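Undergrad: Structure provided below as structure tokens; questions to follow.
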Amino acid sequence: VSYFLEEGSHLDFEARSRSTSVYLADRRIDMLPAVLAEQVCSLRANQDRYAMSVIWKFDKNGQVINTWFGRSVIHSSYEMTYDEAQNVLDGKPQEKEKFGSNYVKIKNNLLHLMRIY
């Protein structure tokens with residue numbers, strides 16, 4: 856995101872004052888203008904996004920045993936709403952139809968994420 860913000864610009868100060876996007880039940884208040892928040896800086900299906908990442912390795916007791924900082928590429932295979940993800944977990948027919956042969960893989964990935972968190 857910082858690639859698109861010039862340090863010290865009005866946009867930079869506005870984004871800093873907001874700190875993050877805020878999600879409410881009926882709307883979202885973005886930290887950045889819509890074109891950045893919804894398109895350019897968002898994770899979109901089948902589009903690569905360049906990022907700075909931190910990868911930690913933990914031991915079985917939850918202690919950090921290795922840390923890596925570096926440039927990375929994030930590639931999202933799917934884009935879905937919270938409701939769609941829940942429908943997949945609940946086995947709703949409309950999601951099975953929508954994702955077709957990828958449905959089982961998506962459901963297994965969501966179940967894996969649930970176990971992590």
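Just so you know, our numbering puts 870 at position 15 of the sequence shown, and the rest follows in order with no gaps. Positions of the beta carbon are idealized from the N, C-alpha and C atoms, including for glycine. Please read these numbers as outputs of a predicted model, since none were measured by experiment.
Going by DSSP, what residue range makes up the beta strand (DSSP E) through N942?
TA: Run containing N942: none in the beta strand (DSSP E); it sits in the alpha helix (DSSP H), Y937 to D945.
Undergrad: Helix, strand or coil: how does DSSP classify K915 here?
TA: Coil at K915, not helix or strand.
Undergrad: Below 8 Å CB to CB, which residues in the same chain sit around L965 once its five sequence neighbours on both sides are set aside?
TA: Cβ neighbours of L965 beyond the five flanking positions: A940, V943 and L944.
Undergrad: Could you pull the start and end residues of the alpha helix (DSSP H) that V959 belongs to?
TA: Taken as a continuous stretch (DSSP letters only), the alpha helix (DSSP H) holding V959 covers Y958 to I971.
Undergrad: The alpha helix (DSSP H) spanning Q949 covers which residue range?
TA: Per DSSP, Q949 belongs to the alpha helix (DSSP H) from P948 to F954.
Undergrad: Which residues does DSSP pair with V909 in a beta bridge?
TA: Answer is F924.
Undergrad: Cα separation between V919 and I971?
TA: Approximately 16 Å, taken between the alpha carbons.
Undergrad: Measuring only the C-alpha atoms, how far is A906 from S857?
TA: If I take the Cα positions, the gap works out to 10 Å.
Undergrad: Give the secondary structure of V877 by DSSP, where H, G and I count as helix, E and B as strand, and everything else as coil.
TA: Looking at V877 - three-state DSSP - the assignment turns out to be strand.
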